[in-house]
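Participant: According to my numbering, numbering within the sequence shown proceeds without interruption in unit steps and concludes at 568. Each residue gets a CB set at the ideal place from its N, CA and C atoms; glycine is no exception. Because the structure is a prediction, the values reported are computed rather than measured. The structure follows.
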Amino acid sequence: MEPSRKAQLSLALITLAGLAPFLNKQFNIDDPLFLWTAQQIAAHPLDPFGFSVNWTGAPEPMWHAMQNPPLCSCFIASVASVFGWSEVILHAAFLPWAVAAVLGTFTLGQRFCRKLDFQSVRPAPKAFGAAESIPGNPSVRWHDRPKVYVPFAAALLTLFAPAFFVSATSVMCDVMLLAFYVWSMELWIRGLDQKRWWLLALAMLFVSAAVLTKYFGITLLPLLAVYTLAHDRRCWAQLLWFCFPIVAVALYDFLSQAQYGHALFVSAANYSREVAAKYKVPLPAQIFTGLAFVGGCIFSVAFFVPIRWCRFLIGAAILLFLALVAAFYFFVPRQSHYQVNNALICAEGAAFAAAGLGILALALIDLWRKRDADSLHLCLWVIGTFLFSIFFNWSITARTILPMVPAVAILFARNFNWGRPSSAHWRLIAAAGLSLLLAASDFREAQVVRKVTEVFRERFAAELGTVWFQSHWGFQYYLQQWGARPLNLARSEIYSGDVMLIPANNTGVVPLSSDRIFPIEELTFPSFPFFTTHAADTGAGFYSSVHGPLPWAVDYVPPAKYYMARFR
């Protein structure tokens, strides 16, 4: 088997093996929005958003609550209509998207790392399966093998980036988008190199699919346009192919305007501005939080910082760290429940922000050193995603950082000293261990949500009164399955004997008047120790910076608390 094919097979198997333990993860965060839309599509294929949902405290049209196009939900509906709606089935259905994204990164890595000086690189260890000796193929010389294991390492860096690995354990649209994103680039660039129109057409089909998976996919067009002109200005006529995704988006908006009274692509941009205005985060706080999310979400690359840098730049690193600690302390807003852990939150935020600064600096340095179409493309990919995350999205999330992960991994592959690839083996293991711990923490939180809803079902399903609940995400998804009702802050009529269920670590919670309820009962469940992606007291807000300025945290993680109140 050719080294490249062997590497691809190894990557696919590693991806499947890494994500397999999380196949029975319960649905959580925004998973229900995609599932409900999929259920609607299964029943009414031409009306994906034709229903209402109480997601923020009052019923609203699904097209307003969702803020994502329907292609991901169409995929879920097509799978679930045949195989069922269980967690294992749907998580397994998303594994090919994760594999496709990793393999796409490997393919792009081969392209963008092709100009490296591989003569100075030693053979890879056997742990890099793609670089082992090839029996019966003496034409493959040892100094050809780095052309395989360098992009192989970039693909593993992508897989084991916290943003990618944790996102790949959900049924949200983000990893699906990334698969379309990287393969759109590869097909377009290959089409330019080989002058094959059908590859260019296929690339634009993938761009259209990316946009209809998540609106961020439209950023492919300026990225590919700049690359095309930087690669060869005589190729400007090929930009006419961009008409296909533009027409697809225009048609989507035309149909959604006709059906729902709103052009959904345009409405998504307006929605983001409206919600951002509601939170009014100061610009310095937004920038430092954005840097922390970049560094924390792609922390796998931090394991590849050369040790000699740590020796030579230790003084500068300490000064930078202290400056960022001060920046987090003075500029990033703190919530009251941070007070116990405020120093640790500032320290972790500074460490992540330093890593984020290093990532952005690497993109600029790579462009300055190489000054070619490849380096320009990678730089714009990274910087553009960062700017989008802090200026155009209503909050900073790991899901908005995710699209830059392959670019950062490839940049490190292009600039890391591969003279001792055996050291890369242990660095990748460390990166994998971190992401596995974070995914296990996220898995535990989803598991607790399902467990507590089962406890509530056994206790309250037979209640004569109404069982209400506050908050949303997976908590709402599982409670509604047995008849509990989300609180409508404007119109719910609550009577004596009704029950209210409230999670402590969720959104949309309003206090209850103590004179209307009997003493509150509390349930606690142990959390995953020391690592968390979403615990209010630690400052971790993997899914939204509204909940914390860190994408994840290492800290004491308090037990998950849930409250039950019965009305007098």
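Given this structure, state the Cα-to-Cα distance separating A127 from H425, to the nearest angstrom.
Facilitator: Reliability of the predicted coordinates at A127 is poor, the pLDDT of 43 falling under 50, and no value is obtained from them.
Participant: My assumption, with CB atoms under 8 Å, is that A292 sits in contact with G356. Please give the rounded CB distance.
Facilitator: 6 Å
Participant: In the DSSP output, which residue or residues are listed as bridge partners for N54?
Facilitator: P59
Participant: Please report how far the alpha carbon of Q26 lies from the alpha carbon of T400, in whole angstroms.
Facilitator: 22 Å
Participant: Here's the rule: buried if 16 or more other CB atoms are within 10 angstroms of the residue's CB, otherwise exposed. What is Y495?
Facilitator: exposed
Participant: Looking only at C-alpha atoms, which of A258, F392, L387, L239 sits nearest to N270?
Facilitator: F392
Participant: Have a look at P403, E274, F49 and flag the residue whose alpha-carbon is nearest the alpha-carbon of L71.
Facilitator: Residue F49 is the option with its Cα nearest to L71.
Participant: Please confirm if the region 35 to 49 is in contact with the region 71 to 88, defined as three or more CB-CB distances below 8 Å between the two stretches.
Facilitator: The region 35 to 49 makes contact with the region 71 to 88: 3 or more CB pairs, one atom from each, lie closer than 8 Å.
Participant: Determine the burial state of N488: buried for a count of at least 16 other Cβ atoms within 10 Å of its Cβ, exposed for fewer.
Facilitator: exposed
Participant: Are at least three pairs of beta-carbons, each pair with one atom in the region 187 to 197 and one in the region 158 to 174, less than 8 Å apart?
Facilitator: no
Participant: Whose C-beta lies closer than 7 Å to the C-beta of A353 among residues of the same chain, with five residues either side of it excluded?
Facilitator: F288, L291, A292, G295, L324
Participant: Pull up the DSSP beta-bridge partners for M185, would you.
Facilitator: None, per the DSSP bridge assignment.
Participant: Considering only the beta carbon of each residue, do V570 and S395 sit closer than 8 Å?
Facilitator: Because the chain is modelled from 1 through 568, residue 570 falls outside the range shown and cannot be assessed.
Participant: On the three-state DSSP scale, how would you describe W97?
Facilitator: Here W97 sits in helix by DSSP.
Participant: Look up L567 in the DSSP assignment and give the residues it is bridged to.
Facilitator: Checking the sequence shown, residue 567 turns out to be Phe, not Leu. According to DSSP, which records beta bridges pairwise, F567 is partnered with I517.
Participant: Report, in whole angstroms, the separation of the C-beta atoms of Q476 and P32, which I expect to be a contact under 8 Å.
Facilitator: 6 Å
Participant: Where does M404 sit, in a helix, a strand or coil, going by DSSP?
Facilitator: The answer is helix: DSSP assigns M404 an H, G or I state.
Participant: Rounding to the nearest angstrom, what Cα-Cα distance links A317 and M404 in this structure?
Facilitator: 24 Å
Participant: Tell me the residue span of the alpha helix (DSSP H) that contains L479.
Facilitator: 473 to 480
Participant: Buried or exposed for A565, please, with buried defined as at least 16 other CB atoms from any protein chain shown within 10 angstroms of its CB.
Facilitator: buried
Participant: The alpha helix (DSSP H) with I345 in it runs from where to where?
Facilitator: 342 to 370
Participant: Taking its Cβ as the centre, do 16 or more other Cβ atoms sit within 10 Å of A458, making it buried, or is it exposed?
Facilitator: The question names Ala, but residue 458 is Glu in the sequence shown. Result: exposed.
Participant: Could you say which of P558, A93, E348 lies nearest to T169 if we only look at CA atoms?
Facilitator: A93
Participant: Are three or more beta carbon pairs between the region 552 to 561 and the region 517 to 534 nearer than 8 Å?
Facilitator: yes
Participant: Report the start-end ranges of each beta strand (DSSP E) in the region 417 to 467 that is 3 residues or longer and not cut off at the edges.
Facilitator: The region 417 to 467 contains no whole beta strand (DSSP E) run of 3 or more residues.
Participant: State the Cα-Cα distance for the pair D366 and S375, rounded to the nearest angstrom.
Facilitator: Distance between the alpha carbons of D366 and S375: 6 Å.
Participant: Which residue's Cα is closest to the Cα of A432: F304, Q67, N68?
Facilitator: F304
Participant: Look at A153 and L428 and say whether their C-beta atoms are less than 8 Å apart.
Facilitator: Yes, Cβ-Cβ distance for A153 and L428 is below 8 Å.
Participant: Would W455 pass as a contact of L501 if the rule is Cβ separation under 8 Å?
Facilitator: First, the residue type needs correcting, since residue 455 is Val and not Trp in the sequence shown. Contact flag unset, no.
Participant: Does the region 239 to 256 come close enough to the region 195 to 209 to have 3 or more Cβ pairs within less than 8 Å?
Facilitator: yes
Participant: Return the chain-ordered list of same chain residues with a C-beta closer than 8 Å to the C-beta of A584, the five sequence neighbours on each side being excluded.
Facilitator: Since the first residue of the chain shown is 1 and the last is 568, residue 584 is not available in this structure.
Participant: Let me know the secondary structure DSSP gives F525 once reduced to three states.
Facilitator: strand
Participant: Does the distance from the CB of C113 to the CB of I410 come in under 8 Å?
Facilitator: yes
Participant: If you count every other CB in all the chains shown that lies within 10 Å of the CB of A363, and 16 or more means buried, which is it?
Facilitator: buried
Participant: Using the C-alpha atoms, what's the distance from L319 back to L16?
Facilitator: 42 Å
Participant: Since T532 sits in a beta bridge, which residues does DSSP pair it with?
Facilitator: BP columns for T532 point to A553.
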